[in-house]
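Numbering follows numbering that gives the first Met the number 0, in which position 22 of the sequence shown is assigned residue number 21; successive positions increment by one, without gaps.
Every residue, glycine too, gets a C-beta built ideally from N, C-alpha and C.
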Amino acid sequence: MERFAKRGVALIAAGLAGTLALTGCSGEKLDSGGDSDATAAQVTLKVNFWGDFGLEALKAQYEKDHPNVKISLNSGEFNAQHQDLQKKLVAGSGAPDISAIDEGFAVQFRGQA
Numbered sequence: 000m001e002r003f004a005k006r007g008v009a010l011i012a013a014g015l016a017g018t019l020a021l022t023g024c025s026g027e028k029l030d031s032g033g034d035s036d037a038t039a040a041q042v043t044l045k046v047n048f049w050g051d052f053g054l055e056a057l058k059a060q061y062e063k064d065h066p067n068v069k070i071s072l073n074s075g076e077f078n079a080q081h082q083d084l085q086k087k088l089v090a091g092s093g094a095p096d097i098s099a100i101d102e103g104f105a106v107q108f109r110g111q112a
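Below is the structure:
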């Protein structure tokens, strides 16, 4: 079980980094109006996972390093998290920005993302 937890933390961290990289690469340009004190737009990322991945310290450090980013962690039971993600993907809205999924579910979700 510990192996899966470590893999899950790595997957979530990689997903978080990837999401933020893609967000930074978006074509949207913010006009600062020449104000050098302009702050970056506030971003809230929803992260769903099951069990205890130990993400609180990672979340706190990331938010400290990136003050315009807030991370909303949502931990739940293994099956409930997968079922909830399935419903939201089918509905086309409400899915989290990052979701831990078991590798056994990857094929199921691939065509719906």
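With respect to the beta strand (DSSP E) encompassing LEU72, which residues constitute its N-terminal and C-terminal limits?
-> As a working note, residue 72 is residue 73 in the sequence shown. Element bounds for LEU72: 68 to 75.
Alpha-carbon spacing of ALA59 relative to GLY103, whole angstroms = Start at 1 with the first residue of the sequence shown, and residue 59 comes out as number 60. Start at 1 with the first residue of the sequence shown, and residue 103 comes out as number 104. Cα to Cα, ALA59 sits roughly 30 Å from GLY103.
Contact between the stretch 83 to 97 and the stretch 44 to 57 (3+ Cβ pairs under 8 Å) | These segments touch.
Can you check DSSP and say which residues form a bridge with PHE48?
-> Taking the first residue of the sequence shown as 1, we reach residue 48 at position 49. Looking at the DSSP assignment, PHE48 forms a beta bridge with SER74.
Would you please state the rounded distance, in angstroms, between the beta carbons of PHE108 and LEU84? I believe it to be under 8 Å.
-> Counted from its first residue, the sequence shown places residue 108 at position 109. Counted from its first residue, the sequence shown places residue 84 at position 85. With 8 Å as the limit, PHE108 and LEU84 qualify as a contact, their Cβ atoms being about 7 Å apart.
Integer Cβ distance of GLN82 from TRP49, believed to fall under 8 Å | For this step, residue 82 is matched to residue 83 along the sequence shown. For this step, residue 49 is matched to residue 50 along the sequence shown. Not confirmed; about 11 Å, so no contact.
Going by the beta-carbon positions, is the gap between GLU62 and LYS69 smaller than 8 Å?
-> Translated into the one-based positions of the sequence shown, residue 62 becomes position 63. Translated into the one-based positions of the sequence shown, residue 69 becomes position 70. Their beta carbons are under 8 Å apart, which means GLU62 touches LYS69 by this criterion.
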